[in-house]
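Here the structure is laid out as structure tokens; the discussion comes afterwards.
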Amino acid sequence: MEEYILLIDTEDSKGLVYNISKVLFANNLNIEQNAEYVDPDTKKFFMRSIISGNVSKNILLKELTEVLPNGASIKLNKKEKKDVVILATKEFHVLGDLLIRYIAEELNANIKAVIANHDHLKDLVEKFNIPFTCISADGMSREDHEDKMIAKINEYEPELIVLAKYMRILTPKFVDAFPKKVLNIHHSFLPAFIGANPYKQAHERGVKIIGATAHYVTSDLDEGPIIFQDVVRVDHSYSWEDMRNAGRNVEKIVLSNAFEMLLHDRVFVHGNKTVIL
1 MEEYILLIDT
11 EDSKGLVYNI
21 SKVLFANNLN
31 IEQNAEYVDP
41 DTKKFFMRSI
51 ISGNVSKNIL
61 LKELTEVLPN
71 GASIKLNKKE
81 KKDVVILATK
91 EFHVLGDLLI
101 RYIAEELNAN
111 IKAVIANHDH
121 LKDLVEKFNI
131 PFTCISADGM
141 SREDHEDKMI
151 AKINEYEPEL
161 IVLAKYMRIL
171 TPKFVDAFPK
181 KVLNIHHSFL
191 PAFIGANPYK
201 QAHERGVKII
211 GATAHYVTSD
221 LDEGPIIFQD
231 VVRVDHSYSW
241 EDMRNAGRNV
251 EKIVLSNAFE
261 MLLHDRVFVH
271 GNKTVIL
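Okay, structure coming up:
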């Protein structure tokens, strides 16, 4: 029995759930799980359903379109692992955590490759029998380097791209090549503490909370729709190195949680924020 994830985003109106359920019933499909949300400010309706049965995708989408308001977004994804490419630079912690979760079969993903702009992580990645490619940016313009990155990524046709501490600013051209496909993680000190060592700056200011934010990448640097956040508390007894280690731990947790949500089609983009069902 096949399972699909049905995602609907539309203007709210009376009878939506009834009409959707009626179409599913008429197609002899069963609702295994269901979640709904209506935004009280915009009156937008969101629904995520896991359905099972013999799905005729074209017929089902046509019949749902007929009973939903004009302009409704309807997606029907087969419940299966998603193909993923990871981008990295030099830092081990986030990438290593993802690879361990992957090899332990905790992720609903097929990691097709890791692509980096330095070769520091090559040995780590190859221990997991995952293809590793280094595309150095040395002596190249940002545009030429991104062209090579885009071409290499496209070879794997990923459904998602994860920035595992990939330390290069992406241009609008790159973002436009992979709309709503790129997940990033950054520490919560932005924009207060910028530069190479934000944890040392935070230590000098006596920061009491360290956090991380996972978000979609858009052309606005670190301002894409937020998917998941978390924090840990620190105090005066922490050195800046202790703070950095605490920050790395929370980065791993936050990215992993956001990644899991995307792998299971739980994230709707609503303006510059997200709805998680």
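Heads up: the sequence shown begins at 1 in the UniProt record's numbering, then just goes up one per residue. Just so you know, even glycine gets a beta-carbon here, dropped at the ideal spot from N, CA and C. This structure is a prediction, so every number in the text was calculated from the model and none was measured.
Which residues DSSP lists as bridging residue i, in chain order
i	result
residue 250	Answer is none; residue 250 lacks a bridge partner.
residue 211	231
residue 185	214
residue 270	273
residue 28	DSSP output for residue 28 lists no bridge partner at all.
residue 48	7, 35
residue 86	114, 162
residue 76	6
residue 109	82
residue 132	114
residue 226	215
Residue i and residue j closer than 7 Å at C-beta
i	j	result
residue 12	residue 45	yes
residue 243	residue 199	yes
residue 185	residue 255	yes
residue 93	residue 248	yes
residue 85	residue 19	no
residue 219	residue 172	yes
residue 60	residue 27	yes
residue 54	residue 89	no
residue 17	residue 63	no
Rounded distance between the beta-carbons of residue j and residue i, thought under 8 Å
i	j	result
residue 33	residue 49	7 Å
residue 236	residue 226	30 Å between Cβ atoms; not a contact.
residue 109	residue 263	6 Å
residue 230	residue 250	5 Å
residue 150	residue 177	5 Å
residue 69	residue 133	Not quite, the Cβ-Cβ distance comes to about 45 Å (not below 8 Å), so this is no contact.
residue 217	residue 170	6 Å
Own chain residues within Cβ distance below 8 Å of residue i, not counting five before or after
i	result
residue 3	32, 50, 51, 52, 78, 79
residue 246	210, 232, 234, 238
residue 105	none
residue 65	72, 74
residue 181	158, 159, 160, 161
residue 183	160, 161, 162, 163, 214, 215, 216, 217, 227, 255, 258, 259, 262
residue 95	86, 88, 114, 121, 124, 125, 164, 165
residue 40	none
residue 137	117, 145, 168
Other residues of its chain near residue i: CB distance less than 7 Å, five sequence neighbours each side excluded
i	result
residue 233	208, 209
residue 272	225
residue 91	165
Selection from the options that minimises the alpha carbon distance to residue i
i	options	result
residue 75	170, 266, 5, 163	5
residue 148	159, 135, 160	135
residue 102	119, 128, 203	128
residue 130	178, 211, 87	87
residue 162	65, 10, 257, 64	257
residue 159	111, 202, 38	111
residue 253	187, 271, 269, 203	187
residue 29	10, 202, 57	57
residue 174	241, 99, 118, 146	146
residue 47	40, 55, 35, 63	35
residue 98	201, 245, 272, 165	165
residue 7	117, 37, 25, 54	37
residue 270	43, 17, 155	43
Residues near residue i by beta carbon distance below 6 Å, same chain, minus five either side
i	result
residue 274	225, 227, 267
residue 203	240, 243
residue 193	201, 202
residue 81	108, 109, 110
residue 179	none
residue 1	52
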